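Accompanying notes for the structure given below.
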Amino acid sequence: MPDIKKILVTGAVGQIGSELTLALREKYGADNVVAMWRKTEPSEVLKESGPLVKGDVVDANAFAGVCDEYDIDTVVHMAAILSATGEQNPMLCWDVNMNGTINVLEVAREREMTQVLIPSSIAAFGPETPRVNTPQETVLKPRTMYGITKVAGELVSDYYFYKYGLDVRGLRYPGIISAETLPGGGTTDYAVEIYYKAVEEGKYNCFVREDTVLPMMYMPDCLKATMDLMEADVAKLKHHSDFNVGSMSFSAGELAAAIKKHIPEFECTYEPDFRQAIADSWPQSIDDGAAREEWGWAPAYDLDSMTKDMLEKLEARHKEGKLYG
Ligand code: AKB
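Residues are numbered in the working numbering as their position in the sequence shown, beginning at 1, plus a constant of 188.
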């Protein structure tokens with residue numbers, strides 16, 4: 189098993205980073221997981237539960253300095269510009285995602301780090317990819333800048349593995365649904381916003397069509413997938429930076445119907461915007477046989493169990509007047 193001792197999480201204030209940092213602190217010891225953030229102020233719980241550093245992964249020297257200061261042997265690189273923001277500002281997306289990734293890999297290579305985790309996404313696929321049960325090995329011709337940076341990230345990560353022996357791992361996240369930190373700038377954000385608005389206002393105006401089907405995953409499964417992959421025996425891995433991970437797939441209409449079972453008065457309307465074209469270029473469901481075989485991936489939640497849990501959490505917070513934290 190990998191000898192992970194001191195982890196740096198970039199993008200630690202983001203939707204996944206914020207919860208992953210806490211889960212990693214629980215597992216590896218609070219002092220051994222450093223949360224790196226750039227723009228958004230970290231929450232009290234992130235601040236109080238372990239070390240925190242302000243930094244920008246695009247600045248290679250500063251990033252190397254942080255790794256040296258904290259004696260980092262593992263980087264979990266969550267900082268990225270997502271699909272929707274990436275289409276509004278492609279150059280920013282290229283800069284943050286490409287330069288951030290190569291800086292992480294170079295700093296890790298120079299320091300002979302134990303492991304680097306760089307997530308990919310279903311955005312690595314494009315309209316020419318089979319959309320149902322998308323295979324592990326298939327066409328990677330995305331039409332978004334975010335997707336292009338994710339394909340390049342997978343390829344360059346595997347390059348570092350084969351050329352330098354750096355243990356780089358990655359998984360293609362579907363849309364991630366969670367109740368703690370709101371996502372920002374993604375196409376799948378509607379699947380989180382809908383829960384908040386259902387609880388807050390009893391209605392939601394969805395920015396994709398009712399029949400839009402995408403693969404999704406609940407945060408507890410996302411944390412489990414990420415941490416299980418980090419702990420997997422490298423000798424058993426045939427893939428490294430590009431694992432498909434599936435969990436559930438549903439249309440926006442089916443999601444609204446699942447919420448309606450708990451909040452009968454909930455009304456969802458649909459007003460597709462530029463994000464519809466992005467969603468239409470992505471898979472509807474994922475074949476994750478390689479992840480299941482090589483490191484035992486198995487999700488726990490489905491649409492109904494996730495919806496019950498999401499609504500319980502958000503309703504409890506709403507009652508306390510703290511829906512948004
Ligand atoms: C996005 O919508 O951009 C992300 C993703 C699927 O990678 N959530």
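We put the CB at the ideal spot given by N, CA and C, even for glycine. Just so we're clear, the structure is a prediction, and the values are computed from it rather than from any experiment.
If you draw a straight line from the Cα of GLY477 to the Cα of GLU232, it comes to about 39 Å. Per DSSP, the unbroken beta strand (DSSP E) holding TRP225 starts and ends at 221–225. Between ALA267 and GLY374, the C-beta gap is not smaller than 8 Å, which leaves the two residues out of contact. Assignment of alpha helix (DSSP H) within the segment 213–293, counting only whole runs of 4 or more residues, yields 232–237, 248–257, 271–276, 278–282 in chain order. By the 16-neighbour rule on beta-carbons within 10 angstroms, GLY274 is buried.
In the DSSP assignment, ILE195 is bridged to VAL221, THR262. Contact check between the segment 237–245 and the segment 302–317: fewer than three CB pairs, one atom from each, fall below 8 Å, which does not count as touching. THR322 carries a strand assignment under DSSP once its states are collapsed to helix, strand and coil. At least one heavy atom of the ligand AKB lies closer than 7 Å to the C-beta of GLY363. In this structure MET301 is in contact with VAL263, their Cβ atoms being roughly 7 Å apart against a cut-off of 8 Å. With three or more CB-CB distances shorter than 8 Å, the segment 473–491 counts as touching the segment 308–324. By the C-beta density criterion, PHE431 is buried, having at least 16 other C-beta atoms within 10 angstroms. PHE462 sits exposed, since fewer than 16 C-beta atoms from the chains shown fall within 10 Å of its C-beta. Annotated as distal: SER439 and THR376, with beta-carbon spacing of 8 Å or more.
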